[in-house]
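If you count the sequence shown from 1, position 212 lands on 211 in numbering that gives the first Met the number 0, and the numbers rise without skipping.
Think of the CB as a built atom: it goes at the ideal place given N, C-alpha and C, for glycine as much as any other residue.
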Amino acid sequence: MFRTKGWILVAAVTLLVATPSWAAYKLQERYSWNQLDFAFPNNQLKEQALASGDYIPQNGLPVGVEHFGNRLFVTVPRWRDGIPATLTYINMDRSLTGSPELIPYPDWRANTAGDCANSITTAYRIKVDECGRLWVLDTGTVGIGNTTRNPCPYAVNVFDLATDTRIRRYELPGVDTNPNTFIANIAVDIGKNCDDAFAYFADELGYGLITYSWEQNKSWRFSAHSYFFPDPLRGDFNVAGINFQWGEEGIFGMSLSPIRSDGYRTLYFSPLASHRQFAVSTRILRDETRTEDSYHDFIALDERGPNAHTTSRVMSDDGVELFNLIDQNAVGCWHSSMPYTPQFHGIVDRDDVGLVFPADVKIDENKNVWVLSDRMPVFLLSDLDYSDVNFRIYTAPLTTLIENTVCDLRNNAYGPPNAVSIPKQPALPIGPPLYTKQYRPILPQKPQTNWVSSPPPPSRTYLPANPGNVVSSISVSTNTVGPAGVEVPKAYIFNQHNGINYETSGGPHLFPTHQPAPSSGHPDGLKNYVNARQSGWWHHQHQG
């Protein structure tokens, strides 16, 4: 992905200056930049970096975001020269809004390109776990496309956020990668305790899924499953008036369900060149002996619908999945207790200016959502207007985002009237509402339109000077509380060959599922088709 070869510019980038047909009205803009700025120790060093080319403001593009405490982490890959730091953060106590300088994390030395053992060369997506650890995969690369160099190997770096020190560095062994490997996404799975931790890495161009065990300090690779490959019918993209092809992009975005009754989670994933989602139990991924004989343990779900490419996804601890929709300048949702069909997919927000390429979506420890948008295709294929706002970070409470959508089970206990396409079987009740508190809404709400066009919503408003008065938070607990204090267990599913188990305190209920295998767009012979292509088609550095 994001290579210079094979991209086709079809139309001028007109969407960025036109009046938006749909402006974001739930997500609230917290930070924005025309171009990125960094917190140098002093102005003299900053001027020296500008003069030497060590800092070129127009070359920075933010691609990943994560929130913890009073810090908002932002990653900036070293695709071009002049990127002084790749892992950075914003001190939210000092910068409530505006265009703050990015502070290198944990310090400047740890962001030295090419210092493999001590620093991070390039970071993409990052994850904070519930044990207060920041997981960062260093790809060890500098450049993009034909300019890519690999001064360092892939390495997992884990930081203790209480002390801001690195507590683990693990290099991926050669058997876990191949010459085409590109990994940008990470999912972290915490089990019984903080030592019972696993990380999963999606190899987009090497077509594999890598598991890392914290306790064993060891990794292993699941390779060559056809579900990791792109759909040859879904390689055409249209973003910001630009038409381009990412036909070789395989497994990319991932999300993890809450822990199921068997003690494991479900990992959901999608290839980038695909509209379909797949699933597998972490019981399989945690078992090193299953790397070669687990084909039938992976499950194919339905397609999301048209124009439904996604690079980032996340699931809340009560089973709500959010995902970016890069073709639609939007963020979508799905409640995992419902069938994975378009009828049960909603759009929580859309903005044809502010959400052009919503690159990353996260849910933090207080169930607030963070969305980073960066106009990435314009940055790569055209020219950004640096007199305009190009990069934005939005936030809103999860409950505010899903309110009045099909993902809000408080108001949609059975989904849309004709949504459950299960003939001759009644819809199953899902129990009381899943949420504990009502968030104070940021703006007046309107009915959800899902995939159907509607009149424009109210124009955007911005967060006040004290966002703490607007963005509510709740603590994460084992159970949620419904009306009259009734405890309701979290909802989660695991798709089996013969159905979907929706587990509640009353035991599992069975929903007949969708196709147990992908459509003709995912033939088993796809691997041979892709391997027959010249390696030069995909052996480039890129990011989603």
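- For P376, there is no enclosing beta strand (DSSP E); the enclosing alpha helix (DSSP H) has its first and last residue at 375-380.
- Here L208 is not near A198, since their CB atoms are 8 Å or more apart.
- The C-alpha of R349 lies about 17 Å from the C-alpha of V313.
- In this chain, E364 is not harboured by any beta strand (DSSP E), its DSSP state being neither H nor E.
- A check of alpha carbon separations from E214 across I185, Y169, G262, M253 identifies Y169 as the nearest.
- Contact check for L324 against V368 fails: the beta carbons are separated by 8 Å or more.
- Contact between the segment 329-340 and the segment 89-101 is not established, with fewer than three Cβ pairs separated by less than 8 Å.
- Here Q215 carries a coil assignment [DSSP, helix/strand/coil].
- Counting C-beta atoms within 10 angstroms of its own C-beta, K191 has fewer than 16 neighbours from the protein chains shown and is therefore classed as exposed.
- When the alpha-carbon of N177 is set against those of C115, F221, L136, V187, the nearest one is in F221.
- Fully enclosed beta strand (DSSP E) runs of no fewer than 3 residues occupy 312-314, 319-324, 329-334, 344-349 of the segment 301-349, in order along the chain.
- Comparing alpha-carbon positions, the option among A272, S273, T309, R259 lying closest to V279 turns out to be R259.
- Taking D128 as the centre and dropping the five residues before and after it, the same chain places the C-beta of V187, I189 closer than 6 Å to its C-beta, in chain order.
- Y339 is positioned such that its CB atom lies no closer than 8 Å to that of H224.
- A Cβ-Cβ contact shorter than 8 Å links D373 with L60.
- Here the alpha carbons of D230 and S273 stand approximately 5 Å from one another.
- In the structure shown, T399 falls within a helical segment according to DSSP collapsed to helix, strand and coil.
- The residue among R77, F67, A109, W78 with its C-alpha nearest the C-alpha of I89 is F67.
- Checking the DSSP bridge columns, you'll see L60 has no partner listed.
- Annotation for I283: the continuous alpha helix (DSSP H) segment containing it runs 281-284.
- Here N237 carries a strand assignment [DSSP, helix/strand/coil].
- Under the Cβ criterion (8 Å, minimum of three pairs), the segment 298-308 does not count as touching the segment 348-363.
- By alpha-carbon distance to Q27, the top candidate from T404, D384, L408, G353 is G353.
- Ranked by how close their Cα comes to the Cα of L284, the residues C130, Y211, C151 have Y211 in first place.
- Look at the beta carbons and you see the segment 62-77 not touching the segment 45-54: under three pairs across the two are nearer than 8 Å.
- Under the three-state reduction of DSSP, S225 is assigned to helix.
- By the C-beta criterion, the segment 378-388 is judged not to be in contact with the segment 251-265, since fewer than 3 inter-stretch pairs fall below 8 Å.
- Out of Q327, T147, R409, the CA that lies nearest to the CA of V238 is found in Q327.
- By the neighbour-count criterion, in which a residue is buried when 16 or more other Cβ atoms sit within 10 angstroms of its Cβ, R93 is exposed.
- DSSP lists F200, R220 as the beta-bridge partner residues of I209.
- Around the Cβ of P40, a 10 Å sphere holds fewer than 16 other Cβ atoms; the residue is exposed.
- G173 carries a helical assignment under DSSP once its states are collapsed to helix, strand and coil.
- A residue is called buried once 16 or more other Cβ atoms fall within 10 Å of its Cβ, and E46, having fewer, is exposed.
- With respect to F72, Y104 sits close: the two C-beta atoms are nearer than 8 Å.
- Cβ neighbours of D194 within its own chain (closer than 8 Å, five residues either side excluded): W213, E214.
- Residue range 132-137 is occupied by the beta strand (DSSP E) that includes L136.
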